[in-house]
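Residue numbers (full-length UniProt numbering), protein chains in the order written: chain G, 1 to 97; chain L, 1 to 417; chain D, 1 to 1010. The beta-carbon is built from N, C-alpha and C at its ideal position, and this holds for glycine as well. Note that this is a predicted model, so its numbers are computed, not measured. Shown next, in structure tokens, is the structure this report addresses.
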Amino acid sequence: MFHIYCPHCCEYREEEEFHVAGQAHIARPLDPDACTDKEWGEFMYFRANPRGIHHELWVHGAGCRKYFNVTRDTQTYEIKEVYKVGEKPSVVADDVK
Amino acid sequence: MQHYSGFGLLKHSFSHHENWQRVWRNPTPKKKYDVIIVGGGGHGLATAYYLAKEFGITNVAVIEKGFLGGGNTARNTTIVRSNYLWDEAAHLYEHAMKLWEGLSQDLNYNVMFSQRGCLNLGHTLQDMRDIQRRVNANRLNGIDGEVLDTQQVKEIVPVLDCSDRARYPVLGASWQPRAGVARHDAVAWGFARGADAHGVDLIQQTEVEDLIIEDGTVVGVRTARYGEIRADRVGCVVAGNSSVLAKMAGFELPLESHPLQALVSEPIKPILDTVVMSNQVHGYASQSDKGDLVIGAGIDSYNGYGQRGSYSTIEHTIQAIVEMFPVFSRVRMNRQWGGIVDTCPDACPIISETPVKNLFFNCGWGTGGFKATPGSGHVFAASLAKGEMHPLAKPFSMFRFHNGALVDEHGAAGVAH
Amino acid sequence: MTQDLSKQSNRLQEGGRIDRAKPLTFTYNGKQYKGFEGDTLASALLANGVDIVGRSFKYSRPRGIVAAGAEEPNAIMQIGSTEATQIPNVRATQQSLYAGLVASSTNGWPNVDMDLMGLVGKVGGKMMPPGFYYKTFMYPKSMWETYESYIRKAAGLGRAPKENDPDIYDKMNQHCDLLIVGAGPAGLAAALSAARAGARVIIADEQSEFGGSLLSSKETLNGKPAAEWVAEVVQELSGCADVLMLPNSQVNGYHDHNFLTIQQHCTDQFADRAPNGQIAQRLHRVRAKWVILATGAHERPLVYGNNDIPGCMVANAVSTYINRYGVVPGKDLVLMTSNDNAYRAALDWHDAGRRVVAIVDSRKNPKGTFVEAARERGISILVGSGVIEAHGNKRVTGVSIAPLNEAGDAVVGPIVKMAADTVATSGGWSPVIHLSCHTGARPVWNDDILGFTPGKTYQKQLTAGAINGAFSTAAALSEGFSAASDALSHLGLAKPERVLPEAEQIQESKAMALFHLPHTKPTSKAPKQFVDYQNDVTAAGIELACREGFESIEHVKRYTAMGFGTDQGKLGNINGMAIAAKILKQTIPQTGTTIFRPNYTPVTFGAIAGRDCGELFDPKRYTAMHAWHVERGAKFEDVGQWKRAWYYPKGNETMQEALNRECLATRESVGILDASTLGKIDIQGKDAREFLGRVYTNAWAKLPVGKCRYGLMCGEDGMVFDDGVTSCLAENHFLMTTTTGGAARVLSWLEIYHQTEWPELEVYFTSVTDHWSTMTISGPNSRKLLEKLTDYDVSKDNMAFMDWKSMTVAGVPARVFRISFTGELSFEINVQANYGMHVWKALFEQGEEFNLTPYGTETMHILRAEKGFIIAGQDTDGSVHPFDLGMSWAVSMQKPFSFIGKRGMQREDCVRENRKQLVGLKTIDPNVVLPEGAQGVFDPKAPIPMPMVGHVTSSYWSANLNRSVAMGFVKGGLDKMGQKVFYPLADGRVIEAEICSPVFLDPKGERQHV
């Protein structure tokens, strides 16, 4: 049961107020029509799914309804940081540093 | 392999059970195998068993980082059914169902497959339309199934609240009589024993740290405990850890690993004879031969490798169970646990070649892998043996996520199972 | 039969924390007994000399009470005086005694004392080693179900009630600085320190009173009985406003980010049904800034032959029953121990005036405070020895004692037999680390204390006292204080003064690592040595499992079922691991650790569900006109959370008759639908129009103000997931409608794209579904009806099809949309929701002359099906794109922005031949209605598995057309007009249908344009 700090409300709130919306930082290709089927499929479906540090998109559904990013360890479930959409994470996995 | 039977038990009772043979060896791995299976869960062990028994490939190692059958095989709610909607999935699960029906005898190991039937409840008109559609498809695919009305459901499960009191009254159900439950650990052990008897090396407590890939072709694995072990073909059957292994091979999979929780009540006297599942109310339950109510929770929506999920998921599940079975309110929950399920966007598995030559993946079973265990092992073994995907596996290529040929089983896969 | 109710043969005249002035009568297995307030059910049974409380699961052996707390494996009771208040599997050691309590044992036939199944167990038991069922019942294959039915009959302990639970359960969300689990010396010391520092504290303990081990020992603090110090602390804590004290409360789960659950027994400790207006249990959901686990330790029994005969107990339980409950559970005691601590049981027994036959100590040279005290009392101490076997049947009658070697794993001398009725044993203490494991921390073996202690955690968790192996009261107090100090400094609060009571100085000599007593025979042949009582797991069984290759401790547990009982192996797991380690020639940590999972002790389902069942299971959403529908006798259907009127039967009408009437009335005159449930999203901003163009498949750039347009919404995969009409209210202002069930999803969809992909677009979304009541009047007389309620010119010239206008209807401001889902002339009147009923009634007042007929969702479905309009979710399933639906007219491939779904619907599989396509289906026999969900085939004679070509999505009897109408998918269907499809049904019928256009009525669309 996560205790999540909403960077828009500036408060810790219970997990039940939030929903996760998948891996963060997956940008929609700017020119979809130029994508191959493979590229489009990878945009839609293929994910890093790491064990360890993971950047993911959450929404404060029962609060401000804003989306934001969370860096979380998928093994220990520690939340390392939260940051707004458009910002970059400060905590990243060792193998992507 | 020592033959098991009631007579054997009697005979061994005279020698105080001192002379039972080991169920499997504890071998040191060879330098090279024809096939290495990474992952010693039910699917991996079944793959090894069928490779050796059906396809004559016995120079096989199963490499398991923990103990055999210790992953999702040990953590599921043991439901077996084949009432899937789409032809591709239905044929695959029905293939498994047919193997289940003779599995105890084939393995000479009683996996306690108990065909006590499975009800998938409908609570809305759309549920009932979907049930009709699925049962009709099942029937024409040769899979048993009936659509029941509320009264028929009540007769099968008297403790189910079929009244109008319920928030979502039961309007009917699909009923697969051949569905049921099996003793999950026994499935892993039976396949392991059978594989070992055919010469397969079962290497436990050995984590694969890397896949050795030369010129785009996999040639073996690197382990912490034994260093390099080479193989002509490598099959990865590691469920929730599939993405981690894929990363070693340099590609991503269309998977997310989620916690899936389950729980049992304290053992109570028999009260629930079938499997009851509800997508709308989000709960499902059966009762084990020991008397525990075995209850599956929904999937936790975040990625997680921690084998645990959130308490709110457990609460929602218990709410659903008490809503469906008000007389269970005073029964008590004994234990809960979690597994790591690798979910695919279309709720169907991946049984597939990969961008790396001779490297195959069998994963993405999500919440429903246990029921497929023998079928999954069989078609994967056939594919590994021939180096070419078995016809039943072909629709489940990972490349369907490129061309769009998905097999969307979210409806039939339901909450979790 | 008359009973001497006052007879409590094992009750001491004085002592204990029971109130002898308050006798309580209770019933066990149909007989009445007496106990006192302050008793547990277990202590009262022991006071009355009840030996057998259950029969074992596999061998049906008689079992007695072994322990005094949560670790008790045998005394599992059915409680309840009425059918509705039955509670299965209550641990007698944790159930407070109350007047009128009705309990019965859960196994044994015909009863626990004379159990015939026990004979079967004796004879058949030899054939039932662990895992025996995997090895048999396989042949013949057909017999398994028969075998299984017998196995199932033996299943289970207690039973569920047959009637619904009359009790209420509550939940409470709690927040605190510090949650302290356990109110023994460590927990109380921590609580006191934290409370004095002003922290918000919750302290919970599973027992009915705070004090933990101090309640059942004769220790002193500050020279006074320890219980006096406990009382002082409790009094001080109860005066602190920020301290919540929860006795009778089990902390059952420790979840991530310091979320813990506490099950508080409010009234179910004192009655099987909560008094009127009170709740039975309360579940506290606690978010704690810091947690101190001061959960103590459970004493481990030793494993020896026949160690399950009633009268075999854990040493500390003996002390507890004597000191806390004034009950001596026998006459002649043999104590076997590997440590000093357990000597206290013999001292207490002796001081209670009963005979200690001998203390059997496995160590060669024990010395220490308690050892000396025993010697002073003249108690016989046999050193370097062990009890290798108990004798007796329904109660211990004696023991066999043998000298042991140094390691304690071989008998090295002659056996001495002694008479005794009670055997108390101790192999040391196992820290109660359960909660510390729940979030994934692996416990660590500690050789000094011969037990596992909590492992590294990511939670804000501290531990104090016996959980760390600090078993003495002095050490526990000190650790409690230190843990509180650490927590306070993390919390930024000032540390309090160190004020701790003076504990007795006790010298203890080193304990010996002893778990499993040897026997003169090998384990396989020795009398059964039980490790896990509840599941009948024996030392021989564990050895067999290891020999067979089940070498991982997880395999051993699963193969033998060790630890899978309702006690979850609290007594047995460490012994089992030690036995496995010995046979595998490993250390215990090499063999593995046990990972405990929630719950610590079982939790009532009702308490977890709380009030969120029945009426509160899921909110019901009603429209503003709901009461009218109810009054009119409507039948309802669940759509999402909404209750929608389904149809309105009149008199004795059948459903079909009602539908026929509603359909005909609408097409002939005018009908009315409550469409308020449709999702409505208000969209504003200068880029609103651009945004619509990106999320809908069709063009929006040129939709003028005052106009409405239908749109399809797809996922990135190109598959349709919702549809609806969006209207341009003003240049930068739109109103989007969605399906009833899809509203929330669509809003999230818009938000995520706006916030994460296109934040540069200036656009705002607001859900306004509940703000509006929507009533659709449809049919040739709908305009006439509307004209009666408005002064506005709603003529064709002023208000064309797909126009919307702002006007006053029935005196109320309204937005009226001239859109149609029936193909008739239709007006969708939207008014502020609180005016909904008023306008609805006004329409009926004015509509009488037109036979205004209310119709529900079913008629709506029929009318739209006659027109071939789809319902997203019924005619789509996430696997069809607009072209599959024959709706290419709703897709604009020329839009400059690559709208959501465009790329997806052009993937290889989406543009292949022979995809399933939505078509109309006309049954050859017009009177036959295809069942929805029927699967079509081209060749009805093909063998099973039959190649299927698509299913029927919508199918109805059309009273207007006097025939059936249907829509469904057919492979390549759009190119197969006029061809036949066959639908083989479960009842053996095969229905033949012809592929046709889905538009059955008014193909030119003239009716809606009038």
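Check	Outcome
Assumed close pair Thr337(D), Val411(D) - CB separation to whole angstroms, cut-off 8 Å	No, Thr337(D) and Val411(D) are not in contact; Cβ-Cβ is about 18 Å, not under 8 Å.
Secondary structure, beta strand (DSSP E): runs of 3+ residues fully inside the UniProt domain "SoxA A3" (527-611) of chain D	530-532
Bounding residues of the beta strand (DSSP E) (the contiguous stretch that carries Asp201(L))	201-203
Contact belief for Val135(L) with Ser174(L) at Cβ below 8 Å, rounded distance in angstroms	5 Å
Inter-residue spacing [alpha-carbon to alpha-carbon] between Ile871(D) and Val639(D)	13 Å
Sequence-distant residues of the same chain with beta carbon closer than 6 Å to Arg915(D), five excluded per side	Asp884
Euclidean distance between Cα positions of Glu206(D) and Asn248(D)	5 Å
Rounded straight-line distance, which links the Cα of Gln32(D) to that of Asp4(D)	The predicted model places Asp4(D) with a pLDDT of 47, which falls under 50 and marks its position as unreliable; any figure quoted below should be read in that light. Each residue's alpha carbon lies about 9 Å from the other.
Inter-stretch contact (C-beta, 8 Å, three-pair minimum) for the region 10-19 of chain G and the region 61-75 of chain G	yes
From Asp448(D), Ala190(D), Leu45(D), Phe817(D), residue whose alpha carbon lies closest to that of Ala800(D)	Phe817(D)
Best match in Ala179(L), Arg22(L), Arg400(L) for proximity to Leu99(L) [C-alpha to C-alpha]	Ala179(L)
Boundaries of the alpha helix (DSSP H) in which Leu24(D) is found, first to last residue	Looking at the DSSP string, Leu24(D) is not in any alpha helix (DSSP H); the run it does join, the beta strand (DSSP E), is 19-28.
Any C-beta of chain D under 8 Å from that of Ala186(L)	yes
Cβ of Val415(L) within 8 Å of any chain G Cβ	Residue confidence is low: Val415(L) scores 43 on pLDDT, short of 50, so the model does not pin down where it sits. Its coordinate-derived value is still stated next. No, no contact with chain G.
Counted within 10 angstroms of its Cβ, other Cβ atoms place Gln151(L) as buried (16 or more) or exposed	exposed
Interface residues of chain D facing Lys66(G) [CB-CB closer than 8 Å]	Gln755
Meets three-Cβ-pair contact criterion under 8 Å: the region 649-667 of chain D and the region 746-762 of chain D	no
CA-to-CA distance, Phe370(L) to Asp34(L), given in whole angstroms	27 Å
Assigned secondary structure, Asp4(D) (DSSP; H/G/I helix, E/B strand, else coil)	Since pLDDT at Asp4(D) reaches only 47, below the 50 mark, its modelled position is unreliable, and no value is offered.
Contact list for the region 248-270 of chain D against chain G, Cβ threshold 7 Å	His255, Asp256, His257, Phe259
Partner residues on chain D for Val70(G), Cβ-Cβ distance less than 8 Å	Per Cβ cutoff of 8 Å: no residues; Val70(G) is ~12 Å from chain D at best.
Close beta carbons around Thr397(D), own chain, < 6 Å, minus the five adjacent residues each side	His391
Neighbourhood of Leu785(D) by C-beta, 8 Å cutoff - its chain only, sequence neighbours within 5 removed	Val670, Ile777, Leu843, Gln846, Gly847, Phe850, Leu852
Entirely enclosed beta strand (DSSP E) segments - the region 707-747 of chain D, minimum 3 residues	708-714, 720-730, 733-738
Below-8 Å beta-carbon distance, Ala405(L) vs any chain G residue	no
Buried or exposed by the 16-neighbour rule on C-beta atoms within 10 Å, applied to Leu750(D)	buried
Buried versus exposed call for Arg25(L) [16 or more other C-beta atoms within 10 Å across all chains shown]	exposed
Contacts that Pro345(L) makes with chain G (C-beta to C-beta distance below 9 Å)	Met44, Tyr45
Cβ of Pro896(D) within 8 Å of any chain G Cβ	no
Cutoff 8 Å: Asp37(G) Cβ touching any chain L Cβ	yes
Under 8 Å between C-beta atoms of Gly64(D) and Ser81(D)	no
Contact set between Tyr77(G) and chain L, taken where Cβ atoms lie within less than 7 Å	Gly304, Gly306
Bounding residues of the beta strand (DSSP E) (the contiguous stretch that carries Asn781(D))	No beta strand (DSSP E) holds Asn781(D); DSSP gives it neither H nor E.
Beta-carbon neighbours of His858(D), restricted to chain G and to distances below 9 Å	Checking the displayed sequence, the identity of residue 858(D) turns out to be Glu instead of His. Residues of chain G passing the Cβ test: none, with the nearest at roughly 33 Å.
Integer-rounded CB distance, given that Val383(D) should sit under 8 Å from Lys364(D)	6 Å
DSSP beta-bridge partners of Ala424(D)	Met313(D), Leu335(D)
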